[in-house]
């Protein structure tokens, strides 16, 4: 009931969603004076020990995951027999609402959203958790258009057995069901790959691939019918993107991408077919309607405007000339030339091993989004007493980089590049320490790694450091 106070703390303000197992409310946390999302297990499941334990177990697993594209679990408890989980409140629409409002999305936005969702799911897979209910309704968009995946199996009421489901199946789940779920086979990580493929299909076409009048009809289409022609529905979509979605939708799990990381990597390569990044585009940009009322966090100073305009309008040769001029002003004189193939990086979070409050993890993608007007930055310090803090980038696979170029509008800080095999460390030093002055290139020692960190050891005269762009070459 709206107005009810749960656990003498959470006042139910608004019902924002309901499924077969639970309802989700916007609630006000009277203790910390903030809004949260409160998921409450339906009473008739409260007496079922199996459902209650599943609810608790999934809450514990998700609570252990900290990722910029995963909704954070804050608390879990029981009040007068009611099982509840408290999440961060995301004040925005979900992907389903976005598609219903805006129709098919631009191909670049589809790719960027796909990368963010795949990154979140890959992180969950690394922690042994398969989502099992990937759908647009379970991807929330912040006011800045950032994607956050929620409901990691917690609200799953789908229980396929002999081709049918139990009463209380979550509405809409069948549209994103994998063939193995529909036919009663084991659920694996490949299940999430398929469901994400369905989501991207819908973002491209504003339709689900297999509509139907009831659950069984839709489930059997997932098992037996070929995927409708995506290129015919979206002839402007890059062929590589279409091929990636079609591969994710293979009926046989073995024919899909081998992992969510592989799917994410292919999506990232597809960005190359979309041409140069427009200066106003961001890693996950809001739709045009949202952009007017919910602007992305952007800081522009006169030092960046020349580069900002050039990237938006100039040809590649002119860009190279401008960057060379910028290097003569701000790059150390012994920096290596930018040779080798470009290796795309994605900012995936901050690295603060001796901190406790975080370092703007959600802004990490802005440090490698192709837009020099957006940035990741550190917390503000009066005295920078810790050994260091950094921002982590994912190369998508193990690579050996020859150089990393850092652009910052807060010059004068000291940093080095470190690398490692896990996004949470440990990391080894992969370059000498340098003072970053505008645009600075670090020559790397040749470590082979997947994750790279711009490791800041001194703020110089700054109270906070911005990392506007990071580029890497092999």
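Numbering (my numbering), first residue to last: 1 to 474. Glycine residues also receive a C-beta, built at the ideal position from the N, C-alpha and C atoms. It should be emphasised that the depicted structure is a prediction, and the values quoted were computed from it without experimental measurement.
Practice task
Could you tell me if the beta carbon of residue 457 falls within a distance shorter than 7 angstroms of some heavy atom in the ligand MG?
Solution key: Within the structure as shown, the ligand MG is missing, as the structure has no ligands at all.
Problem - Exposure of residue 189, with buried meaning 16 or more beta-carbon neighbours within 10 Å - result: buried
Problem - residue 469 - containing beta strand (DSSP E), residue span - result: 469-473
Practice task
For residue 261, count neighbouring Cβ atoms within 10 angstroms of its own Cβ and tell me buried if that reaches 16, exposed if not.
Solution key: buried
Problem - Reference residue 359; option with closest CA among 390, 375, 340 - result: 390
Handout entry: Buried versus exposed call for residue 383 [16 or more other C-beta atoms within 10 Å across all chains shown]
Key = exposed
Problem - CB-CB length for residue 444 against residue 403, believed under 8 angstroms - result: 6 angstroms
Problem - Reference residue 415; option with closest CA among 3, 465, 426, 76 - result: 465
Exercise for the section: Measure the CB-CB distance between residue 92 and residue 12 and report whether it falls below 8 angstroms. Expected result: no
Practice task
Grab me the residues of residue 456's own chain with a C-beta within less than 8 angstroms of its C-beta, minus the 5 sequence neighbours each way, in chain order.
Solution key: 378, 388, 389, 390, 413, 414, 415, 465
Handout entry: Start-to-end residues for the beta strand (DSSP E) that takes in residue 83
Key = 82-88
Exercise for the section: Could you pull the start and end residues of the beta strand (DSSP E) that residue 15 belongs to? Expected result: 10-18
Practice task
Look up residue 509 in the DSSP assignment and say whether it is helix, strand or coil.
Solution key: Beyond the ends of the chain as shown, which are 1 and 474, falls residue 509; an answer cannot be given.
Practice task
Specify, as a first and last residue, the run of the beta strand (DSSP E) that residue 125 falls within.
Solution key: No beta strand (DSSP E) holds residue 125; the alpha helix (DSSP H) holding it covers 107-126.
Handout entry: One or two residues paired with residue 403 in a DSSP bridge
Key = 443, 473
Exercise for the section: Count the C-beta pairs between the region 104-116 and the region 52-59 that are closer than 8 angstroms, then say yes if the count reaches three, no if not. Expected result: no
Problem - Burial state of residue 127, where buried means 16 or more other Cβ atoms lie within 10 Å - result: exposed
Exercise for the section: Closer than 6 angstroms by C-beta to residue 17: which residues in its own chain qualify, once you throw out the five before and the five after it? Chain order, please. Expected result: 24
Practice task
Have a look at the DSSP bridge pairing and note the partners of residue 417.
Solution key: 454
Exercise for the section: Determine contact between the region 68-82 and the region 193-201, defined as no fewer than three beta-carbon pairs at a distance below 8 angstroms. Expected result: no
Exercise for the section: Counting only the same chain and skipping the five closest in sequence on each side, list residues whose C-beta sits under 8 angstroms from that of residue 392. Expected result: 347, 348, 349, 350, 351, 364, 423, 451, 452, 453
Practice task
State buried or exposed for residue 219, treating a residue as buried only when at least 16 other CB atoms are found within 10 Å of its CB.
Solution key: buried
Exercise for the section: With a floor of 4 residues, list each alpha helix (DSSP H) that falls wholly inside the region 177-229, ordered by position along the chain. Expected result: 179-182, 189-205, 215-224
Exercise for the section: Can you tell me which of the three DSSP states residue 63 falls into? Expected result: helix
Practice task
May I ask which residues mark the beginning and end of the alpha helix (DSSP H) holding residue 101?
Solution key: 95-102
Exercise for the section: Sort 427, 411, 410 by Cα distance to residue 418 and report the nearest one. Expected result: 427
Handout entry: contact_flag[the region 27-39, the region 83-91] where n(CB pairs < 8 angstroms) is 3 or more
Key = yes
Practice task
Under 7 angstroms Cβ to Cβ from residue 256, same chain only, skipping five residues before and after it: list those, please.
Solution key: 190, 193, 194, 247, 248, 250
Handout entry: residue 144 - DSSP class collapsed to helix/strand/coil
Key = coil
Problem - Per DSSP, cross-strand counterpart(s) of residue 37 - result: 26, 87
Exercise for the section: Provide the residue span of the alpha helix (DSSP H) that contains residue 270, from first to last. Expected result: 260-270
Problem - Sequence-distant residues of the same chain with beta carbon closer than 8 angstroms to residue 139, five excluded per side - result: 94, 95, 113, 117, 147, 148, 149, 150, 199
Practice task
Below 6 angstroms CB to CB, which residues in the same chain sit around residue 63 once its five sequence neighbours on both sides are set aside?
Solution key: 73
Exercise for the section: Provide the residue span of the alpha helix (DSSP H) that contains residue 45, from first to last. Expected result: 43-46
Problem - Close Cβ partners of residue 273 (< 6 angstroms) along its chain, the five nearest in sequence each way excluded - result: 238, 240
Handout entry: Enclosing beta strand (DSSP E) for residue 78 [first to last residue]
Key = 73-79
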